[in-house]
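For the sequence shown, the residue numbers in our numbering are 131 to 662. C-beta: ideal position from N, C-alpha, C; glycine also.
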Amino acid sequence: MDFSRSSIHNNDGSRGAHRSAPMPPNGGAPPPATRPFLRITSRPAAQRIKWRPAGRAGRPMGWPGRAAGAGLAAGGARRVRRGEGRRGGAEGGGGDAAEGRRGRGPGAALPLVFPQPELFSSCVVALVSVLLRFLTTPGTAFEMSALEKIEEQLARLRIAKRSVLREEPAYLLDIDVSRSAPSESSRCVAVSCSNQSIRLYNRETLNFLREYSSRPGMLNGVRFAHTCDSLVFSACSDGTIKCWDIRLATQKAVQIFSGYPSNVFISFDINCSDLIICAGTEKVEKDTFLVFWDARGNTDCASTSKEPLGVYSESHNDDVTKICFHPVKPSWVVSGSTDGLVNVFDINKDNEDDALISTCNSDSSISFIGWSGKGYEQIYCMTHDEGFCWWDLAQLDTEEPITLLRVLDVRDTVCIENDSLNYLVGGVYHEKADKLFLIGGTSTGKIHLLSCGADGLSLVGTLCGGHSATVRSFCWNLADESLLTGGEDAQLLLWRPGAVERSLTKKETMKIASSVQKRVRVHNSSLKSRKK
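In C-alpha cells, the structure reads:
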C-alpha cells in the first residue's frame with residue numbers, strides 16, 4: 131500500500147512541498163482533508179519481512195536495537211530531543227518592595243471603626259455569610275477534594291452483579307466495554323477467554339449473549355472500536371487480527387487483518403480514531419515486529435482480508451507483550467516487550483528511526499503498559515516479576531529526571547495490615563482526580579486498589595468476597611466508578627459503590643485446572659524464557 135505523505139520532514143525540521151494523498155485501495159474511505167498521520171512506508175513483497183540491512187554495522191550509535199537495553203540503566207530512559215529549544219532561564223521576577231510595611235504607607239492595615247452597634251452586627255452577619263459560602267464552594271481546601279471522594283467511593287465498592295458459570299469454564303484474561311452505545315442497558319462487555327473464544331455479556335445484567343471462536347488459533351486481548359460499539363477485535367496466534375460485528379447473527383469474522391507468514395500475534399491495539407491497528411509478534415528466529423494496518427472500511431460487513439501497511443522491526447529484540455495507543459493522539463503508540471524496553475513512537479514520522487520518541491528500560495519483562503497524567507504525557511509499566519515503573523515524557527526536553535517512580539517489587543513495598551499483595555493486574559488513570567490507580571490482588575481472590583504517587587504506592591481499599599482465585603483482568607468505568615473483574619475462577623463480577631448483591635446465596639465458585647492456562651502471566655520472581 132502506498133500512502134503518500136502530505137508533508138516532508140527535512141533534517142533541519144522544516145517541511146517540504148505538500149503532496150496530496152491518493153484514494154486508498156480496497157474501497158476504503160478516502161483519507162480526511164487534514165494531514166494524514168500515518169507515515170509507515172510499504173515495501174516490495176519480496177522484502178516485507180527482512181527489509182533492514184543485512185549487517186548491523188550501519189545502525190547509528192545508541193540505537194536501541196538488539197542491544198538496546200545495554201546502554202540504558204535500569205528504570206532509565208533515552209532522551210530523544212523533539213526540538214532545539216529548551217525550557218530554561220529565569221524570566222522576570224524582581225524583588226519585592228518594602229514600601230507600606232510600616233506606618234501608614236501604602237499597604238498598611240487601617241483600623242475598623244464601627245460607630246453604631248447595628249452596623250457592626252450587620253457586618254458580622256455578612257462576614258459569616260461570606261465565610262460559609264467560601265467553605266461550601268467547590269474547589270476550596272475545606273471541601274472534600276475530588277481525590278478523597280473517589281478514594282471513598284472505591285473503598286465502598288461492593289458486588290452488584292455476578293455472571294453465571296458456563297458449561298465450559300475458562301480463565302477470563304481480558305475485558306473491554308463498548309463505549310458509544312446510546313444507553314447503559316445496550317452496552318456490551320467482551321471477554322477474552324483461555325478456551326480460545328470471545329464471550330459477550332450485557333453490561334448491566336452480566337447475562338451471557340453469545341460467543342465467538344478462533345479455533346484453531348488462540349486469541350490474545352479484546353477491544354471494541356471507539357466510534358462503533360458493534361465492532362469487536364482480537365489478535366489471533368494464527369497471524370491475523372479478527373473483527374466481528376455483534377449486530378450480526380453469524381459467528382464469522384467480518385474483517386480479517388492478515389500478517390506475514392511467520393507472524394504470531396500476542397498483543398494489539400486500535401488507535402483512538404479507529405484508523406490504525408497495531409499488533410506485536412513473538413520473536414521468531416531473530417525477528418520481532420510491530421505490524422500496522424489501515425482499519426478504515428471495516429464497517430461494510432464484508433468478510434475481506436487486508437494486508438499490512440508496514441512494520442517496525444528494529445526497536446525490540448524479544449516478544450512484544452503489550453501495545454497501547456495514546457488516548458487522544460492517534461499517531462502515538464507505546465510498546466512493551468520481554469526485553470524490558472518500553473518504546474514510544476509517533477507513527478506520523480517518515481521511518482522507524484524518526485518515529486522513536488523515547489526508549490525506557492524497566493530491566494524486566496513487561497506485563498502491562500498505559501498512559502497517565504494531564505494530557506497523558508506520562509507512561510507506566512508493570513513487569514512479570516511485579517515491578518512498577520513510571521516516566522514523564524514531558525521532561526524529555528528538559529534536564530529534569532524522567533523517572534517519576536520505580537518499584538522493584540511491589541510485594542515488598544505495599545504494606546497491607548493482616549494481608550498481602552501477591553501480584554499486579556493493571557492500572558488506570560483517573561482524569562477527575564488526576565491520579566493513577568493500580569489494581570493488584572491475592573491468590574485467594576482478594577482485590578487491592580492502590581493509589582500511585584511520586585512518594586510511592588498506598589492502599590485505597592480491598593475488595594473481598596468476590597473471586598475465589600487469581601484475578602486476571604479488569605475494566606474500570608470512570609463515569610460511575612464501577613469495576614468489572616474476571617479471574618481464574620471463571621467469574622465475571624460487577625462492582626459498584628455501596629451496591630448490595632440481590633442473590634440470597636453466593637453462587638458456587640470453582641478453581642479451574644492449571645492445565646488450561648496458556649500464554650498468561652507468570653506470578654513468580656523470574657520469567658523463564660521460552661525456546662523457539
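Alpha-carbon to alpha-carbon, residue j and residue i
i    : j    : result
R333 : E530 : 44 angstroms
S308 : D359 : 5 angstroms
F567 : T528 : 27 angstroms
A425 : R632 : 42 angstroms
I400 : I532 : 27 angstroms
P342 : S327 : The sequence as given places Tyr at residue 342; Pro does not occur at that position. Cα-Cα distance, rounded: 5 angstroms.
G223 : S388 : With a pLDDT of 41 at G223, under the threshold of 50, the predicted position of this residue should be treated as unreliable, though the coordinate-derived value follows. In a straight line, the C-alpha of G223 is about 60 angstroms away from that of S388.
R377 : K291 : 24 angstroms
L486 : S293 : 43 angstroms
N337 : E482 : 45 angstroms
I106 : S397 : With the chain covering only 131 through 662, there is no way to say anything about residue 106.
P162 : C402 : Confidence is the limiting factor: at P162 the pLDDT is only 46, short of 50, which leaves the residue's position unreliable, though a coordinate-based value still follows. So the two alpha carbons sit approximately 15 angstroms from each other.
T615 : F498 : 16 angstroms
D449 : D469 : 7 angstroms
I577 : D480 : 44 angstroms
Y510 : S502 : 7 angstroms
D515 : Q621 : 25 angstroms
I406 : V362 : 14 angstroms
S581 : V472 : 22 angstroms
K565 : D610 : 16 angstroms
E282 : T513 : 28 angstroms
R296 : S492 : 39 angstroms
E437 : L613 : 37 angstroms
C454 : A409 : 10 angstroms
I280 : H456 : 24 angstroms
W113 : G369 : Absent from the model: residue 113. The displayed extent of the chain is 131 to 662, so no value can be given.
D484 : G440 : 15 angstroms
L579 : E561 : 17 angstroms
G575 : D304 : 16 angstroms
P299 : T592 : 26 angstroms
K416 : S465 : 18 angstroms
G556 : G427 : 32 angstroms
S344 : E278 : 44 angstroms
R536 : Y442 : 28 angstroms
CB of residue i within 8 angstroms of CB of residue j, strictly
i    : j    : result
A383 : W374 : yes
V458 : Y390 : no
G571 : N552 : yes
L302 : G617 : yes
V474 : L420 : no
L534 : S488 : no
H446 : S461 : no
I477 : W423 : no
A563 : A256 : no
S494 : G517 : yes
N393 : T380 : no
D404 : T357 : yes
Residues sharing a beta bridge with residue i, DSSP
i    : result
C519 : C511, R536
A300 : Paired residue(s): none; A300 is not in a bridge.
K382 : Bridge partners of K382: none, in fact.
R292 : L623
T434 : Q385
I371 : A365, F387
S668 : Missing from the structure shown is residue 668; the chain here goes from 131 to 662 and no further.
V421 : A409, V441
V472 : G466, C490
D306 : A320
C454 : V464
V414 : D417
S397 : G410
R329 : V321, E341
Short CB-CB distance (under 8 angstroms) between residue i and chain C
i    : result
C519 : No chain C appears in the structure shown, which is made up of a single protein chain.
Three Cβ pairs or more, each shorter than 8 angstroms: is that satisfied between the region 533-544 and the region 593-610? Cβ pair count under 8 angstroms is below three, so no.
Evaluate contact between the region 283-297 and the region 620-631, counting only Cβ atoms and requiring at least three cross-stretch pairs below 8 angstroms. The region 283-297, when compared against the region 620-631, does touch it at the 8 angstroms Cβ threshold.
Is the region 342-354 touching the region 315-328 in the sense that three or more CB pairs, one from each, lie closer than 8 angstroms? yes
Only counting runs of 3 or more residues, tell me where the beta strand (DSSP E) segments fall wholly within the region 544-629, in order along the chain. Runs of the beta strand (DSSP E) inside the region 544-629: 553-560, 565-571, 577-583, 586-593, 601-607, 612-617, 622-627.
The region 578-592 touching the region 602-611, judged by at least three CB pairs closer than 8 angstroms: no
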